[in-house]
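Have a look at the structure below before the remarks.
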Amino acid sequence: GAKLSPEKLLCQLRDRVNVTMIQRSDGPFGTSEWQQYLPRKSLSETVGHLGRCAVVSSAGSLKSSRLGQEIDSHDAVLRFNGAPVRGFQDDVGQKTTIRLVNSQLVTVEEQQFLRESLYNTGILIVWDPAPYHAEIHEAYRRTHPEQPFYILNPKMQWQLWDILQENSLEHIQPNPPSSGMLGIVLMMTLCDEVDVYEFLPSKRQTDICHYYQKFHDHACTMGAYHPLLFEKNLVKHMNQGTDEDIYTHGKVTLPGFRKRAM
Ligand code: NCC
């Protein structure tokens with residue numbers, strides 16, 4: 003596919019990717035046991051109007067970045083999976099407004115997921131309910147009844163994948179986008195402006211997978227299962243910030259969909 007202009011690409015993302023959460027009345031989730039475990043309020047009602055938002059990748063290159071203060075200066079901060087803040091505040095900040103987790107984490111690391119306090123700050127959203135276990139959702143709801151806990155509409159990942167494929171010259175394996183890419187598009191629907199940290203690696207780029215673990219794997223940054231390289235090309239194409247910001251801060255600035263007259 004031929005690459006669209008950044009403006010056209012933003013319109014396509016806004017118009018074709020349906021960023022919604024599963025609602026109480028939807029399909030198999032509409033059964034009586036499920037109804038009570040889905041939040042009553044919509045996500046946008048829960049978060050309200052958001053101006054500047056930050057998306058914090060889990061990349062190893064965040065280590066020693068000292069971006070914490072800058073990240074926390076945003077109205078809302080999105081983090082992924084088990085990425086911690088305690089002990090890493092200087093580099094990644096401490097504010098967590100939304101945590102986006104994959105269903106593998108919820109099911110495979112079930113005991114940690116149910117117990118660790120990391121998960122009960124802010125709003126939780128889980129994606130990819132294909133192998134999803136309703137029991138864990140229920141168990142979590144019982145332990146933290148007040149916390150908003152949403153399930154991302156599973157169509158979204160394939161709508162986004164289509165746009166990734168259309169804007170790439172190569173064939174992309176039909177695997178869902180990474181949590182990172184899903185979170186970026188989610189925040190573009192909720193916020194006026196989105197700063198993304200270390201999704202496009204800075205000068206601190208490293209083979210260390212996460213800022214919170216001593217584990218080396220090149221695929222964490224470049225992708226293996228997820229079409230990460232294609233995601234990063236697309237995000238680079240839409241960047242409204244400078245190449246200098248990418249190099250020094252690993253920072254990309256994207257416009258929110260709401261403020262656009264497209
Ligand atoms: O590693 P993960 O991702 O939790 O990272 C969150 C997002 O940060 C971006 N990232 C991460 C590391 C890195 N070096 N560069 C990056 O750009 C990516 O956008 C990534 O999505 C996931 O996407 O959900 C993923 O989850 C992990 C794992 O399941 C969770 O951490 C829970 O333990 C996957 N790892 C494995 O399955 C081993 C990973 O492939 C994708």
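For the sequence shown, counting from 1, position 18 maps to 20 in the working numbering; every step adds exactly one.
Backbone N, C-alpha and C fix where the C-beta goes; we use that ideal spot for every residue, glycine too.
Val57 and Tyr142 have their C-alpha atoms some 25 Å from each other. Per DSSP, Glu195 lies in no alpha helix (DSSP H) segment; the continuous beta strand (DSSP E) that holds it begins and ends at 193–199. The bridge partners DSSP lists for His220 come to none. Setting aside the 5 residues that flank it on each side, Ser60 is surrounded in the same chain by Phe82, Ala85, His212, each with a C-beta closer than 6 Å to its C-beta; the list follows chain order. Gly53 counts as exposed, since fewer than 16 other beta carbons sit within 10 angstroms of its beta carbon.
Here DSSP, grouped into helix, strand and coil, assigns Arg143 to helix. It is roughly 30 Å from the alpha-carbon of Lys97 to the alpha-carbon of Cys13. Inter-residue distance for Tyr199 and Thr255 is about 9 Å (C-alpha atoms, whole angstroms). In the structure shown, the three-state DSSP call for Arg101 is strand. With a threshold of 16 other beta carbon atoms within 10 Å, Ala226 falls short and is exposed.
For Gly225, no beta strand (DSSP E) run applies, since DSSP gives it neither H nor E. Burial of His228 is indicated by the presence of at least 16 other C-beta atoms within 10 angstroms of its C-beta.
For Gly53, the uninterrupted beta strand (DSSP E) run begins and ends at 52–58, by DSSP. In the three-state DSSP reduction, Ala78 falls in the strand class (E or B). Take the alpha-carbon of Gly124 and the one of Arg101: they are about 7 Å apart.
With a cut-off of 7 Å, the C-beta of Gln106 is classified as near the ligand NCC, since at least one heavy atom of the ligand falls inside that distance.
Assignment of Pro257 by DSSP, reduced to helix, strand and coil, places it in the strand class. Using a Cβ distance threshold of 8 Å, Phe90 and Leu126 do not count as a contacting pair. Using a Cβ distance threshold of 8 Å, Gly258 and Glu195 count as a contacting pair. Counting along the chain, the unbroken alpha helix (DSSP H) around Leu45 starts and ends at 45–49.
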